[in-house]
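Encoded as C-alpha cells, the structure appears first; notes follow it.
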Ligand SMILES: C[S@@+](CC[C@H](N)C(=O)[O-])C[C@H]1O[C@@H](n2cnc3c(N)ncnc32)[C@H](O)[C@@H]1O
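Residue numbers (our numbering): 46 to 301.
Here it is, written out as C-alpha cells:
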C-alpha cells in the first residue's frame with residue numbers, strides 16, 4: 046500500500062502532495078487535505094516549520110550543487126506540487142544551463158508540473174514510480190536532459206518515508222549514477238519519545254492510501270551506501286539540525 050499510485054483527481058480524499066502543499070502555505074489543496082494536515086500538526090506541531098526547513102535545506106543543497114560542485118543535471122523523484130523556489134529555478138539561478146527532470150507517481154502533481162513548466166526550457170516532468178528505478182531512469186534519460194555518463198544530483202527529498210523498504214531501489218539508482226554524482230535525502234526520523242505520534246501520522250496517511258515509515262538516522266544513512274557524506278552543517282545550521290532531528294534528518298552523499 047505504501048507509495049500507492051493515486052488513480053487521479055479526488056478532492057474528497059486527502060492526498061500526500063496536497064497535505065504537504067497546505068503545510069507550506071500553498072493553495073493547491075482541499076478541505077480533506079487541510080483536515081488531515083491539521084491532524085498532523087496536532088501530533089507534530091513542529092511540522093509546519095519542519096517542511097519549511099526541508100525546503101530551505103533542499104534549496105541550499107541545489108544552490109551548492111549547481112554552483113560550487115558544478116552539477117548540471119538534476120533528477121528530482123517525488124517532486125511534489127510546484128511551490129516557491131522549485132529545484133529548476135534554484136539550479137538556474139546558479140547555472141542557467143542546468144537541466145532538471147521531475148518525477149512523481151501522482152498524476153495530478155504531473156498535470157500541475159507540466160502546466161507550470163510548459164514554456165520552460167531544459168525541464169521535464171514525468172509520471173513514474175520510485176519502486177521501478179530502471180524504468181524511471183530510462184525515462185529520464187529519454188527526455189534528453191539527463192546524460193547518464195555525466196554526474197547527476199538525485200533528489201529523494203521527503204519521499205522515502207512513504208515506502209516500506211526502498212533500499213534496493215535506491216541502491217539501483219546509486220549504481221546507475223556516474224562518479225561525481227550526488228544523492229540528496231531528507232526523511233522522517235524515528236525516536237522512542239515520538240512513537241505514539243508516529244502511529245497517529247500513520248493513521249492519518251492511511252487515508253491517503255500511503256504508508257509512513259520513520260527511520261533512525263543510522264537507517265537513513267544506509268540509503269547512501271558507500272557514497273561519501275558531506276557535512277550537513279554546510280546546508281543548514283547545526284541549531285536547526287538539532288531542533289528538527291526529532292522530526293526529520295537530511296544528508297548529501299557524493300559518489301566517489
Ligand atoms: C511530501 S512530498 C515531497 C515534495 C518535495 N520532494 C519536497 O520535499 O518539497 C512527497 C511526494 O512524493 C510523491 N511520491 C510518493 N510515493 C512515490 C513513489 N513511489 N514514486 C514517486 N513519487 C512518489 C508524492 O506523490 C508526493 O508528491
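Note that CB positions come from ideal geometry on N, CA and C, so glycine has one too.
Sixteen is the threshold: since fewer than 16 other Cβ atoms of the shown chains lie within 10 Å of the Cβ of residue 287, the residue is exposed. With a cutoff of 7 Å, residue 67 does not count as near ligand 1, since its C-beta is closer than that to no heavy atom of the ligand. Boundaries of the alpha helix (DSSP H) harbouring residue 82: 76-88, taken from the DSSP string.
The C-beta distance from residue 245 to residue 143 rounds to 40 Å, too long to fall under 8 Å, and the pair is not in contact.
Contact check for residue 204 and residue 184: beta-carbon distance about 17 Å, past the 8 Å limit, so the pair fails to qualify. When distances are taken from the beta-carbon of residue 150 to the heavy atoms of ligand 1, the shortest one is below 7 Å. Checking the DSSP bridge columns, you'll see residue 168 partnered with 145.
For residue 149, the closest C-alpha among the options 174, 140, 99, 108 is that of 174. At a cut-off of 3 residues, the continuous stretches assigned as beta strand (DSSP E) that sit fully inside the stretch 169-246 are 198-202, 227-233. In the structure shown, residue 274 falls within a strand segment according to DSSP collapsed to helix, strand and coil. Around the beta carbon of residue 160, fewer than 16 other beta carbons sit within 10 angstroms, so the residue counts as exposed. Residue state for residue 129 is assigned as coil, using DSSP reduced to three classes.
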